[in-house]
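Those protein sequence lines, which keep their order, are chains R and E. If you're matching positions, the first sequence starts at 577 in the numbering used here and goes up one per residue. If you're matching positions, the second sequence starts at 577 in the numbering used here and goes up one per residue.
There are 2 protein chains.
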Amino acid sequence: MEVKARAPGKIILSGEHAVVHGSTAVAASIDKYTYVSLRFSTPSDNDDTLKLQLKDMSLEFSWSVSRIKEALPESGSLRSSTPASCSMESARSIAALVEEQNIPEGKIGLASGVSAFLWLYSSIQGFKPATVVVTSELPLGSGLGSSAAFCVALVAALLAFTDSAGLDVNQQGWLLFGEKELELVNKWAFEGEKIIHGKPSGIDNTISTYGNMISFKSGNLTRMKSNVPLKMLITNTKVGRNTKALVAGVSERTLRHPDAMAFVFSAVDSISKELSTIIQSPAPDDLSVTEREEKIEELMEMNQGLLQSMGVSHAVIETVLRTTLKYRLSSKLTGAGGGGCVLTLLPTLLSGTVVDKVITELESSGFQCFIAGIGVKGVEICYGVSS
Amino acid sequence: MEVKARAPGKIILSGEHAVVHGSTAVAASIDKYTYVSLRFSTPSDNDDTLKLQLKDMSLEFSWSVSRIKEALPESGSLRSSTPASCSMESARSIAALVEEQNIPEGKIGLASGVSAFLWLYSSIQGFKPATVVVTSELPLGSGLGSSAAFCVALVAALLAFTDSAGLDVNQQGWLLFGEKELELVNKWAFEGEKIIHGKPSGIDNTISTYGNMISFKSGNLTRMKSNVPLKMLITNTKVGRNTKALVAGVSERTLRHPDAMAFVFSAVDSISKELSTIIQSPAPDDLSVTEREEKIEELMEMNQGLLQSMGVSHAVIETVLRTTLKYRLSSKLTGAGGGGCVLTLLPTLLSGTVVDKVITELESSGFQCFIAGIGVKGVEICYGVSS
């Protein structure tokens with residue numbers, strides 16, 4: 577009994593920060609995934625432990641299932657079809673289980689990720705011995721939704737063998753869940769995100785679950801279907817940032833300059849709305865693909881200027897912008913800013929030589945680059961693979 | 577009979593480009609001047625020519641006054657107290673006078689500057705032989721109002737010996753004109769600016785004449801008095817730009833994204849208004865000088881972001897921004913953008929060592945830096961000096 581799930585990361589196309597002040601934002605999935613393989617132990621394995629292997633970090637944690645059962649007795653009574661929040665009591669028990677492991681220090685989010693794993697696993701699957709293997713193409717803590725992708729892929733794998741999956745285990749290849757099942761995945765993943773982030777917006781897990789794009793405003797999420805394939809160069813500056821401090825900085829600036837900032841946020845709102853319209857408009861013919869891309873580039877450039885006027889850019893982001901500008905490519909920061917990742921639209925007609933040059937130049941500055949398709953499908957599972 | 581006049585250059589503190597779309601802008605004089613010395617020939621000189629020496633370029637042009645009289649007969653009938661526009665016919669005659677000189681090519685604005693000189697000289701002083709010597713601390717064509725400063729200083733020197741001056745030629749040191757005389761200087765200088773620029777806004781000559789600061793919106797200029805000395809580092813990127821194309825680019829972007837751009841312009845309007853309030857508020861005590869400077873820095877940063885969202889920044893401007901940001905200094909482009917000059921506020925408490933470091937780093941990138949006091953007095957004259 578083995579299953580593999582993959583869930584995509586996300587980018588914010590427009591509206592980060594301004595969304596906190598009531599503007600519309602647009603997020604999209606990217607074709608970079610976190611993979612979670614789940615294999616239940618068979619009696620012949622003679623193994624009663626739950627193992628979590630984080631391949632990218634070469635880390636493995638394991639607990640005997642009886643130890644988990646003892647620590648989290650109420651998990652056994654939960655039903656996989658009814659997503660539940662981790663109680664304070666369970667959180668304490670989980671903290672004890674995590675502490676028993678040797679979690680390396682300095683890996684931000686690692687302990688909380690392991691906690692989310694224990695809660696989701698025990699709540700959905702109870703106390704079965706198994707091995708869960710995680711690999712990811714998403715850099716951690718860089719605003720690309722790696723924690724949500726982990727939660728979504730994990731939940732999908734865990735639900736794959738329950739009645740809630742609604743899928744035929746004998747089907748081959750990557751399979752999509754139905755709408756009702758996706759809703760269940762999304763809700764459970766949100767519970768995991770709460771353990772990791774405290775008060776997540778729900779945007780990351782929604783994008784990772786459903787894929788494609790969403791617009792969100794004042795807590796309301798609207799799913800959108802992109803009619804045009806977009807390719808982005810994502811540059812990870814590898815500069816860590818303090819999201820809370822950046823959000824607070826924008827709020828303080830808004831208190832100091834309420835009139836100007838209100839107009840800045842309104843400008844961002846217009847940009848997000850225009851972007852949503854462009855993305856959803858009927859697929860254009862070949863000629864107007866370029867026009868559409870130019871419009872998106874211009875909106876990205878405008879949004880970046882507005883983010884700079886909010887004070888959330890960073891010297892390292894400017895370095896990326898300056899480099900891509902040399903090649904006449906448009907870029908904007910994505911997410912919290914102050915470091916993190918930068919998006920650069922790669923137009924359909926752009927030659928591969930130019931792309932190679934830009935990447936070489938950015939990587940020589942110490943950045944990490946990858947090319948991502950935008951607005952891809954959400955979480956998928958695949959039965960019967962070996963991890 | 578000798579007089580020297582000096583007229584300051586200007587910077588746009590906020591609102592460039594947005595002002596074309598109805599926003600408020602704020603401009604200020606800087607303590608960098610264009611100097612014009614005027615010495616009438618005496619009979620003993622035995623010289624009946626009008627000489628124009630441009631010291632910085634090591635250029636000299638001269639015309640016999642009888643040749644000028646022949647070419648511009650109607651100038652003799654003009655009165656120095658009644659500013660007059662250069663007629664089409666006079667413009668043609670002047671063009672012929674300019675063509676007779678060997679004007680080096682590639683010096684943008686040189687021929688039109690010489691034309692303005694001939695018109696202003698002959699209109700205000702008629703056909704007296706004299707030597708006019710021009711030197712300037714203002715880089716040409718970089719948006720610092722060098723042409724207006726030239727016109728204002730020239731007009732001031734020309735008016736200094738007329739009844740319109742209203743000054744005592746025996747007074748020592750730099751003298752200021754009275755209000756009525758300044759108005760006359762400003763109007764004549766505007767006629768010169770029209771010859772050089774076609775359709776000038778009148779901002780440059782007004783700042784150069786009256787000094788201090790002005791706010792302007794929809795063609796209305798309001799003079800302001802700054803209550804706090806401000807020091808700016810002005811970095812000349814030496815990258816030439818096409819102001820008309822930049823202005824047109826913003827208008828085209830506004831047509832493509834009317835909603836977002838309207839909010840961007842409104843944000844700039846708020847910034848200019850806030851800046852005007854801060855500048856004119858009563859002189860603060862020492863402690864709050866820093867607070868005031870921090871507010872101005874924040875407004876500059878916001879304005880720069882908004883200019884970027886209008887698409888008028890340039891890689892070379894970003895280089896300056898990135899360099900000054902390393903030293904935690906706030907900068908914005910000033911004027912048309914696309915090159916030109918960048919302003920960096922130098923806070924009162926900033927150590928000279930830091931200023932030296934920034935300048936060294938910027939100059940090593942090939943830029944030209946100078947420090948300017950902001951909001952200084954307007955045009956002044958000094959009798960009896962030797963040029």
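Where a beta carbon is used, it is the ideal one built from N, C-alpha and C, also for glycine. Everything numeric in this text was worked out from a predicted model, so none of it was measured.
### Task
Taking only beta-carbon positions, decide if Met-808 of chain R is within less than 8 Å of chain E.
When Cβ-Cβ separations below 8 Å define contact, Met-808 of chain R makes no contact with chain E.
### Query
DSSP state of Gln-677 of chain E, grouped into three classes?
The answer is coil: DSSP assigns Gln-677 of chain E none of H, G, I, E or B.
### Task
Starting from the beta carbon of Gly-989 of chain E, find every residue of chain R whose beta carbon is closer than 9 Å, and list them in chain order.
The structure shown does not extend to residue 989 of chain E, since chain E spans only 577 to 963, so no value can be given for it.
### Task
Pull out every residue of the stretch 684–707 of chain E whose Cβ sits closer than 7 Å to any Cβ of chain R, in chain order.
Within the stretch 684–707 of chain E, no residue qualifies.
### Task
Identify each residue in the stretch 930–954 of chain E for which the Cβ-Cβ distance to at least one residue of chain R is less than 8 Å, and report them in chain order.
Those would be none; no residue qualifies.
### Task
Examine the Cβ distances between the stretch 766–782 of chain E and the stretch 680–697 of chain E and report whether three or more of them are shorter than 8 Å.
They touch, by the three-pair rule.
### Message
Distance check for Ser-784 of chain E and Leu-541 of chain E, CA to CA, integer angstroms please.
### Response
An answer regarding residue 541 of chain E cannot be provided, because it is not within the stretch 577 to 963 covered by chain E.
### Query
What do you get for Met-633 of chain E, buried or exposed, if any count of 16 or more other CB atoms within 10 angstroms of its CB means buried?
Burial state of Met-633 of chain E is exposed, judged by a 10 Å Cβ sphere holding fewer than 16 other Cβ atoms.
### Simplified DSSP state of Tyr-903 of chain E, which is helix, strand or coil
Coil at Tyr-903 of chain E, not helix or strand.
### Message
Just to confirm, is the Cβ distance from Thr-920 of chain R to Ser-907 of chain R under 8 Å?
### Response
For the 8 Å CB-CB criterion, Thr-920 of chain R and Ser-907 of chain R form a contact.
### For Asn-796 of chain E, the three-state DSSP class (helix, strand or coil)
The DSSP-derived three-state label of Asn-796 of chain E is strand.
### Message
Residues of chain E with CB closer than 8 Å to the CB of Arg-898 of chain R, please, in chain order.
### Response
Chain E residues near Arg-898 of chain R: Ala-891, Glu-894, Thr-895, Arg-898.
### Task
Ignore the nearest five residues each way along the sequence and tell me which others in Leu-630 of chain R's own chain have a CB closer than 7 Å to its CB.
Counting only residues of its own chain and dropping the five nearest sequence neighbours on each side, Leu-630 of chain R has a CB closer than 7 Å to the CB of Val-710.
### Task
Using a Cβ cut-off of 9 Å, pull out every chain E residue sitting near Glu-869 of chain R, in sequence order please.
Simply none; closest approach about 14 Å.
### Query
Under 8 Å between C-beta atoms, does Lys-902 of chain E make it to chain R?
Output row for Lys-902 of chain E: interface = yes.
### Message
DSSP three-state label for Ala-581 of chain E, please.
### Response
Three-state result, Ala-581 of chain E: strand.
### Message
Quick check: what's the CA-CA separation for Cys-958 of chain R versus Gly-825 of chain E?
### Response
Going by the C-alpha atoms only, they are around 51 Å apart.
### Leu-735 of chain R versus Phe-841 of chain R: straight-line alpha-carbon distance, rounded
Cα to Cα, Leu-735 of chain R sits roughly 40 Å from Phe-841 of chain R.
### Task
With hydrogens ignored, establish whether the beta-carbon of Gly-682 of chain R is closer than 7 Å to any heavy atom of the ligand ATP.
This structure simply doesn't include the ligand ATP, nor any ligand for that matter.
#### Entry: Close-in-space but distant-in-sequence residues of the same chain around Thr-819 of chain R (CB under 6 Å, 5 per side omitted)
So the list reads Ala-912, once near-sequence residues are dropped.
### Query
Where does the unbroken beta strand (DSSP E) through Phe-766 of chain R begin, and where does it stop?
That residue, Phe-766 of chain R, is in no beta strand (DSSP E); its alpha helix (DSSP H) goes 755–773.
#### Entry: Rounded C-alpha distance that separates Leu-648 of chain E from Trp-639 of chain E
Spanning the two alpha carbons is a distance of roughly 12 Å.
### Query
Short check: CB of Gly-719 of chain R to CB of Gly-916 of chain R, under 8 Å?
In contact: Gly-719 of chain R and Gly-916 of chain R (Cβ atoms closer than 8 Å).
### Task
Could you tell me whether the Cβ of Ser-656 of chain R comes closer than 8 Å to any Cβ of chain E?
False, the Cβ-Cβ gap to chain E never drops below 8 Å.
### Reduced DSSP secondary structure (H/G/I, E/B, other) of Cys-727 of chain R
Three-state DSSP puts Cys-727 of chain R in a helix.
### Boundaries of the alpha helix (DSSP H) in which Asn-781 of chain E is found, first to last residue
Residues 779–786.
#### Entry: Positions along the stretch 840–857 of chain R whose CB lies within less than 9 Å of some CB in chain E
Cβ contacts with chain E: Val-840, Phe-841, Ser-842, Ala-843, Val-844, Asp-845, Ser-846, Ile-847, Lys-849, Glu-850.
### Query
Taking buried to mean at least 16 other C-beta atoms within 10 Å of its own C-beta, is Gln-747 of chain E buried or exposed?
Exposed, since its Cβ has fewer than 16 Cβ neighbours within 10 Å.
### Message
Strictly below 7 Å CB to CB, what residues from chain R border Asp-835 of chain E?
### Response
Neighbours of Asp-835 of chain E across chain R, judged by C-beta separation under 7 Å: Ser-846.
### Message
Is the beta carbon of Ser-722 of chain E closer than 8 Å to that of Thr-610 of chain E?
### Response
Note that the C-beta distance between Thr-610 of chain E and Ser-722 of chain E is below 8 Å.
### Query
With distances taken between CB atoms, is the gap from Lys-871 of chain R to Thr-600 of chain R smaller than 8 Å?
The Cβ atoms of Lys-871 of chain R and Thr-600 of chain R lie no closer than 8 Å to each other.
### Query
Taking the continuous alpha helix (DSSP H) assigned at Gly-915 of chain R, which residues delimit it?
Under the DSSP assignment, Gly-915 of chain R falls outside any alpha helix (DSSP H); it carries neither an H nor an E label.
### Task
Under 6 Å Cβ to Cβ from Leu-797 of chain R, same chain only, skipping five residues before and after it: list those, please.
Closer than 6 Å at Cβ, skipping near neighbours: Thr-782, Ile-790.
### Message
On the criterion of 16 or more Cβ atoms from any shown chain inside 10 Å, does Ile-758 of chain E qualify as buried, or is it exposed?
### Response
The sequence shown places Leu at residue 758 of chain E, not Ile. That one is buried.
### Query
Given a threshold of 16 other Cβ atoms within 10 Å of its Cβ, counted over all protein chains shown, does Tyr-786 of chain R qualify as buried or as exposed?
Burial call: buried.
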